[in-house]
Structures are given as structure tokens and as C-alpha cells.
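A short worksheet on the structure shown next.
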Amino acid sequence: MAILLCVSAAVAAPNDDIAIELDQYVKQAVKLGLPGASLAVVINGEIRLLRGYGVRKRGGKERVNSATVFPLASISKTFASGAVSILVNDKLIEWDTHVVPYLDDIVFSEPELGKDVTLRHVLSHTTGLVPQAYSDLLEDNVSYSRILAMLDRVNFVCSPGQCYGYQNIVYNFSADMLALASGKDYPTFVKEHIFVPLKMDQASFGIEGYKEAENRASPHVRVKDGCAAVKPAPYYYRVPAAAGVNASAQDLAKWMLAQFGYYPSVLRPDLLEIMHKPHIRANQYRYRAKLSNVYYALGWRTFEYANQPGFVHHGGWVRGFRTEMVFNRYTKTGIVLLANCETKFAREFVLYFLDLYRQHYGRDG
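By full-length UniProt numbering, the letter at position 100 of the sequence shown is numbered 100, and the numbering carries on one by one without gaps.
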């Protein structure tokens, strides 16, 4: 499926050149060896481009299109904050609900600090715990429940709320707290309250959801002659709030529109303000060029680019895939890129989009 609305001057919208140039950029990447990718471009609050490129698996004939399913990896974190906002709206939980004793099986290494950890700290990566606590154990095939039993060995490096430390295991506390508050398991709640009302028809959870999608991209890793297919990795699916979602570019285009407040029955604009509000300065960021005021919000990163404010972003990596979603909340312009090989292309593509954005929307100061 390909949708490019700016096919003639008669129907072209302002700044549609962005979509045309991004389309050409991805085409060139596929020519140079990227197996496949899927792209969505939203300009001034309208979906202007939905398109797939290349093949689902190197050497295969099945083409990628805008409905092809990819594991989203850490873009999944954005759905956790969105799901929590729905419960906050329903007064079933609060942003500042404490993890302990709400989750009675969690024991922190320093109980006096642990008692101050809240859901807001979890969603903003400000629990104070050592960054990436036990993410390595997930990759070693250790179960989530067993890792939780070892959490009391993880040290605090600061008081909760005082420093940034990216997490996967700890981030999944949000799913556990949501399940208790709603009475439903986390994937079911997100499906019923986000996927269905937004008509995210290809979206699913877990390795099973990924494998059940006939139109799915295969993972590839970088090798000397390009990208080689590998088996999908199941481990990060064990923390669904952190990395459990599968979806297509079509799905994420709708998710972006929801971030702009176009679906207030799903995500209320006042709660979106809270989710997009910078919470903690996050200097550990791979996109350094021209970026300033880099923060983590609730499930999202925020920054300014070349003096342009209002950018909201999250990327994702899991073995064989790279995913990116970035938009400007003021101009309602952004992109989704899903790629089926671990290369630097995804990062370079985001920077390319930001530079195009500066050219079209830029202002001094």
C-alpha cells in the first residue's frame, strides 16, 4: 500500500516536499542494501505518506508495505504512559501512586529510598536505580519473575526523581500496576482501550502476536556484505510495557495523530500535556547534532533542534530491527520509520528529517 497525496500541484499541501524527499531517501537506502522499511509521514496534522520499501526478508519476494508488522521495541514505552493516562482519567490510579506497597512483591535494596518510588518515576526513568538494571538477564533468557526476585540487589545511584537512568525491567512496573488498577492484564487493557478505538488493526503484543501476522518483517543483522536474516529474539517481549508491542507504519501514524489530541476519547489533551512535559534532563542521547534541552518525559523523549522547540521522540532497537517515531507537537508534523536491519540508517534518517523540518519550518532564535 502506498499513499502519497501530493501527486499534483492541485492537491499538494504546504511542506509536502518533506514527504517527497523522505521517500527518495528511503528508496536510496534500500538500493544500497537495506532489506526493507516502512514509512509514515504526517504533515500539519495530515497523513501525507504511507509506504513500504524493499522486502520482508532478504532473498525473498514478499514486499514490505505500510501494513507490514514490525516489533516496535522501545517505542512500546509510549503506549505504557498512554495506558496509564486512561486510568488516571478514570481515577483508578494516580501518576504519583507509590510502587510499594502497591506491588507487594517488590523489595528495593534501600527500603527508605524505595518507598518514595512512584509510577511517575517509573515512566520517566527517574527511580534512582542503576541504569538498565538487569536488562542483560532478559537477554540471558532469565524470566521476569526471577529477575524481580533479585531486584533487592540493585543499588540506588540517587534519590528517586533526582537523576535519569534508562530502564526496561523497572519500566515494566507500570504494566504490573496498571493490571492491578484495571483488573485486566496489560496487553488486554491496551488492546481494548488503545488499539481498538484507534483502529490500529495490525497492532499486537508478544512473540506470538508477531508470528501470527502473515505480513511481518524478518529481522536482519549487519554483516560485511549487507544484512543477514536471523531468528526473531523473544526476550524483550517479557516486559510488555517496555518492549512488547508489534505494529505497522499505518498503526503508528494513527498513534501519532492521537498524540496531537485528535482522539480525545482515547487520550485527553490535558493528560497529553503531562506525558509530553519534560521531566528530567537526559544527556545520554545518541542524537547529539544541533539538539538542546534534551529531556525524558513520561514514555517519551523531548528536545529542541536548531532552536526549534516541541519535538517528541522515541526510538527502539531489538535484535534485527530499528524503529523511530518523532514529531513536533506544535506543527503536528512527524515521521515513523520501521526498518528490518540493524544499521545506522535509522539514526541518520531521523537527523535528515529534522534538517528538512528546519528548512521548511525554521525560524531564527
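Cβ coordinates follow ideal geometry from the N, Cα and C atoms, glycine included.
Spatial distance of residue i from residue j (CA atoms)
i: C341; j: E112; result: 44 Å
i: F260; j: G45; result: 8 Å
i: V142; j: P234; result: 12 Å
i: A40; j: A249; result: 6 Å
i: S159; j: L351; result: 34 Å
i: I20; j: N307; result: 24 Å
i: F349; j: A282; result: 21 Å
i: P269; j: M177; result: 23 Å
i: I93; j: A339; result: 36 Å
i: S109; j: P131; result: 15 Å
i: V223; j: L34; result: 12 Å
i: F303; j: I274; result: 15 Å
i: Y236; j: N168; result: 8 Å
i: L138; j: V230; result: 18 Å
i: H121; j: L271; result: 16 Å
i: A157; j: S74; result: Per the sequence presented here, residue 157 reads as Val, with Ala not at that position. Roughly 23 Å between the two C-alpha positions.
i: F173; j: D105; result: 11 Å
i: V245; j: G320; result: 15 Å
i: P101; j: D140; result: 29 Å
i: T323; j: A346; result: 7 Å
i: Y164; j: K344; result: 25 Å
i: V13; j: A258; result: In the sequence under discussion, the amino acid at residue 13 is Ala, which differs from the Val named in the question. The straight-line gap from Cα to Cα measures roughly 21 Å.
i: P197; j: V266; result: 7 Å
i: D23; j: E214; result: 25 Å
i: A247; j: N65; result: 12 Å
i: F195; j: D251; result: 8 Å
i: F205; j: K211; result: 10 Å
i: D225; j: A29; result: 14 Å
DSSP beta-bridge partners of residue i
i: Q308; result: Y305
i: H98; result: T118
i: H220; result: A229
i: S204; result: N246
i: G36; result: G54
i: F156; result: L129
As assigned by DSSP and simplified to three states, the class of residue i
i: R120; result: helix
i: A213; result: coil
i: H125; result: coil
i: V84; result: helix
i: S145; result: helix
i: V170; result: helix
i: I106; result: coil
i: K91; result: coil
i: D176; result: helix
i: D185; result: coil
i: Q162; result: coil
i: D16; result: coil
i: residue 366; result: Residue 366 lies beyond the stretch modelled for the chain, which goes from 1 to 365, so this question has no answer here.
i: L22; result: helix
i: L298; result: coil
i: Y134; result: coil
i: G365; result: Only weak support is given to the placement of G365: the predicted model assigns it a pLDDT of 33, under 50, and the question is left unresolved by the model.
Short Cβ contact (7 Å threshold) for residue i with residue j
i: G334; j: V42; result: yes
i: V170; j: T126; result: no
i: G59; j: S38; result: no
i: L337; j: Y305; result: no
i: G310; j: L72; result: no
i: T78; j: H279; result: no
i: V154; j: A83; result: no
i: D152; j: V117; result: no
i: V69; j: Q202; result: yes
i: P240; j: Y186; result: yes
i: residue 367; j: G299; result: In the structure displayed, the chain extends from 1 to 365; residue 367 sits before or after that span and is not available.
i: T97; j: L119; result: yes
i: I47; j: H360; result: no
i: K61; j: S218; result: no
i: H276; j: A297; result: yes
i: Y144; j: R238; result: yes
i: I86; j: H220; result: no
Within-7 Å CB hit, residue i to chain B
i: F70; result: No chain B appears in the structure shown, which is made up of a single protein chain.
Q: Could you tell me which uninterrupted beta strand (DSSP E) segments, each at least 3 residues in length, are contained entirely in the stretch 305-357, listed from first to last along the chain?
A: 308-318, 321-328 and 333-339
Point to revise | Residue ranges of each beta strand (DSSP E) within the stretch 38-77, 3 or longer | key: 46-54
Whole runs of the alpha helix (DSSP H) within the stretch 223-295, excluding any shorter than 4 residues
240-243, 249-259 and 269-276
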